[in-house]
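Comments concern the structure below.
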Amino acid sequence: MAYAQAPHGGPMTPPPGRPARPAWHWLVLGGIALAGLLLVAVFAAFIGWKILDRGDPERTVDDFYTSLQDADCELFMESTTDEFQEATGLTSCSIFDDHIEGISGVDYEVTDRVNRQGYAIFEVTESYSSGGQSESADLRFSVRRLDGQWDLDLMELVEPGSEPIA
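Numbered as in my numbering, the sequence shown ends at 186 without a single skipped number.
In structure tokens, the structure reads:
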């Protein structure tokens, strides 16, 4: 038969605590946390870059006029939509080169701009010489955002006394 031992006369001691975690454990946890913070920082930088890299629709108007001044068909095709190319009849580089041949000294000034969701409207006064004659016209351009870039989509002649863009 077993007999219980008599309690000691002193205070009872608490059971021993959990052993301290080794240093490598804290290093692993710190490395995982640091990798998570780095991943969040890279994601935030990517989102910020995408927001800031939306382009400038006025640059598209500049590219359009540069393509006319320099007879640069590639730049013309890059800065305009297929619909614009079809509406103007400039659907290939050979046609573009034939039509742009007599135009020189194209100059323009953006007189008004309105930004909308997904597109921008510009009013432009352009001056050029064609066949030795100096010409001037007020035009309205619609620049549309397609597939991450701005493209010239519509050009219309602004009649004198017409309503301004709003």
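No residue lacks a Cβ here, since even glycine has one placed at the ideal position from N, Cα and C.
When the Cβ atoms of the region 164-179 are set against those of the region 97-111, are three or more pairs found closer than 8 Å?
yes
Run through the region 124-184 for me and flag every whole beta strand (DSSP E) of 3 or more residues, listed as ranges in chain order.
139-150, 153-166 and 169-177
Exposed or buried, what is R164 when buried is set at 16 or more other beta-carbons lying within 10 Å of its beta-carbon?
buried
Three-state class that DSSP yields for T101 in the structure shown:
coil
Contact defined as beta carbons within less than 8 Å: I believe V144 pairs with V81. What is the distance between those atoms, to the nearest angstrom?
7 Å
Can you tell which of R160, E146 and P77 has its C-alpha closest to the C-alpha of E183?
R160
Close-in-space but distant-in-sequence residues of the same chain around D158 (CB under 6 Å, 5 per side omitted):
T145 and V178
Let me know the secondary structure DSSP gives G51 once reduced to three states.
helix
Please report the straight-line C-alpha distance between L95 and Y85, rounded to a whole angstrom.
10 Å
If you count every other CB in all the chains shown that lies within 10 Å of the CB of L54, and 16 or more means buried, which is it?
exposed
Less than 8 Å between the C-beta atoms of G118 and C93, yes or no?
One detail in the question is off: residue 118 reads as Asp in this sequence, not Gly. Not closer than 8 Å, so no.
Report yes if the C-beta distance between V134 and Q89 is below 8 Å; otherwise report no.
no
Could you give the DSSP three-state label for P77: helix, strand or coil?
helix
Among residues of its own chain, excluding the 5 on either side of S147, which ones have a beta-carbon nearer than 6 Å to its beta-carbon?
D127 and S156
Between I52 and W69, what straight-line distance do the alpha-carbon atoms span, to the nearest angstrom?
26 Å
Taking all protein chains shown into account, do 16 or more other C-beta atoms lie within 10 angstroms of the C-beta of P77, making it buried, or fewer, making it exposed?
buried
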